[in-house]
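Everything on this sheet refers to the single structure shown next.
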Amino acid sequence: MNPNSSPGRRPVHLKAGSFSVAIIALLIVVIAAFAAIGMIEDSLFVFQPVEETDFTEAPDTDLSSLSELTISGSTTVKQISDLLAEAFMETHENCMVTVAGGGSGAGISSAGMGIVNIGSTSRTVTDEELLKYPDLQTHIIGWSAVIVILNGIEGNFTDKNELIKVFNDSDGKVNLVLDEKSGEIRVNQAGSSFQVFQRSDESGTEEIFASYLGLGKNLDDCGAEGRLGNKGVLAAVENTSNSIAFVDFGFAERSQKVSIAGIESYGSAEIKASNIRAALAGTAKPFPSENSTLTRPLNYLTKGKPDPLEQGFIDFASLQMPLFFFKECGYFAITEIS
């Protein structure tokens, strides 16, 4: 007997037309089944049309190459970091660079704890901080200088002790008088009352200025009104008649509303970019004198040896970028100090 001709079995071969009909029928059954399941599981489901997308126009992005770099710390360094980050991302399309402030102390701790890729500081890391974060590595990208700014008077603090009185012996206000003959500013009860401003945030600017005056790490006990960042301090002096404060050179250089006070061996007319640059290079007298300094490095910090992305950004900042970025901020690039 032919097995294929037995009453209980049918031939397994189908015509092409019958096969197509079977497939279509099967699809209808599957679709209906899924629709029924959806209705049972979620009777409140309402179909929402989705905007049609042309995937043929989507960029061919390698997600594995996307990377992020985080930088935080000194508000002084932040100004240059913002410009560097923007330029870096233009030439590294798959990299996102995020820059934040917080002060030099925050930059040291966040880098030391590995919270950010790069910390920034506008002062030297102390021995105490290195004991706490022994893996920190310092990368100098530039330099700056701290200066005294005034609104309502122009002159010099040739006697450092007079400047100490302003920030140490006052309750936030001080009487200043100008010796017209010598151009010397002195603290004098008969002078005009001046409002004293300082930094409200933790900052390398305040630390180096307080150290220069011999007043410890900060000026929190001097009674001066605090303002956030160099920009905040500058704005306070610009908008307050008869006021005095300290800021980084770059923030006051182009201001039309404040004057820069001479300090010790530097007269007010001598405090300009070319002279400070020469002092940093060692080709002119130190700023402001042989015995003390108001210049400081602008640093990037990493926890241990930088990884390739971190090193790439540090090299970009310290070696590859044009000087105009630093000049724009009133700072001095490491490459122009020799």
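Going by our numbering, the sequence shown opens with residue 3, and the numbers climb by one from there. Glycine included, every Cβ here is placed at the ideal spot set by N, Cα and C.
Proximity of ILE187 and GLY157 at Cβ, strictly below 8 Å: yes
Whether SER112 touches LEU300 by CB criterion (8 Å): Contact flag unset, no.
Proximity winner among ASN96, THR100, LYS175, relative to GLN81 (alpha-carbon distances): The candidate whose alpha carbon is nearest that of GLN81 is THR100.
Bridge partners - PHE301, DSSP secondary structure assignment: Correcting the residue type first, residue 301 is Asn in the shown sequence and not Phe. For ASN301, which the question treats as bridged, DSSP gives the partners THR123, ILE142.
For MET98, three-class secondary structure by DSSP: strand
Alpha-carbon to alpha-carbon, ASN96 and THR285: Spanning the alpha carbons of THR285 and ASN96 requires a straight line of approximately 43 Å.
Rounded C-alpha distance that separates SER106 from MET115: 14 Å
Nearest-angstrom Cα separation, counted from LEU138 out to LEU132: If you take the alpha carbons of LEU132 and LEU138, they lie about 7 Å apart.
LEU221 classed as buried or exposed, judged by whether at least 16 other C-beta atoms fall within 10 angstroms: Classification of LEU221: buried, given that the 10 Å Cβ count is 16 or more.
Beta-carbon proximity of LEU180 to SER261, cut-off 8 Å: no
Every unbroken beta strand (DSSP E) inside the region 196-280 [3 residues or more]: 227-229, 245-250
Three-way DSSP call (helix, strand, coil) for PHE334 in this model: strand
DSSP-derived helix/strand/coil call for GLY114: helix
Residue range of the beta strand (DSSP E) that includes LEU71: Judged by DSSP secondary structure, LEU71 falls within the beta strand (DSSP E) whose first and last residues are 69-75.
contact_flag[the region 265-278, the region 74-89] where n(CB pairs < 8 Å) is 3 or more: Touching, no, given that fewer than three Cβ pairs across the two stretches are closer than 8 Å.
Start-to-end residues for the alpha helix (DSSP H) that takes in GLU130: 129-134
DSSP three-state assignment for SER170, whether helix, strand or coil: Looking at the sequence shown, residue 170 is not Ser but Asn. Note: ASN170 maps to helix in three-state DSSP.
For LYS329, the three-state DSSP class (helix, strand or coil): helix
Three-way DSSP call (helix, strand, coil) for THR78 in this model: helix
ILE336 vs ILE142 beta-carbon contact at 8 Å: yes
Cβ-based burial, ASP129 [other Cβ within 10 Å; buried from 16]: exposed
Residue environment, GLU209, which counts as buried when at least 16 other CB atoms sit within 10 Å: The residue is buried, with at least 16 neighbouring Cβ atoms inside 10 Å.
Cβ-Cβ distance between THR77 and SER146 below 8 Å: No, they are not a contact pair.
Enclosing beta strand (DSSP E) for ILE187 [first to last residue]: 186-189
Nearest candidate by alpha-carbon position, reference ASN170, set LEU303, GLY216, GLU204: Out of LEU303, GLY216, GLU204, GLY216 has the C-alpha closest to the C-alpha of ASN170.
Residue span of the beta strand (DSSP E) that contains LEU180, given as start and end: Element bounds for LEU180: 175-181.
Bridge partners - ALA2, DSSP secondary structure assignment: Residue 2 is absent from the model: the chain starts at 3 and stops at 340.
As assigned by DSSP and simplified to three states, the class of THR58: Note on THR58: pLDDT 36, under 50, position unreliable in the model; the coordinate value appears next. If DSSP states are grouped into helix, strand and coil, THR58 belongs with the helices.
Residues bridged to GLY104 [DSSP beta-bridge criterion]: DSSP lists GLY75 as partners of GLY104.
Neighbourhood of ILE166 by C-beta distance below 8 Å, restricted to the same chain and skipping five residues each side: LEU215, GLY216, LEU217
Supposed contact pair GLY174 and VAL148 - C-beta distance, whole angstroms, cut 8 Å: That pair is no contact at about 20 Å.
Pairwise C-alpha distance: GLY193 and SER122: 41 Å
Simplified DSSP assignment, three categories, for THR160: coil
Residues bridged to PRO308 [DSSP beta-bridge criterion]: None, per the DSSP bridge assignment.
ASN177 versus GLY306 - alpha carbon distance: 49 Å
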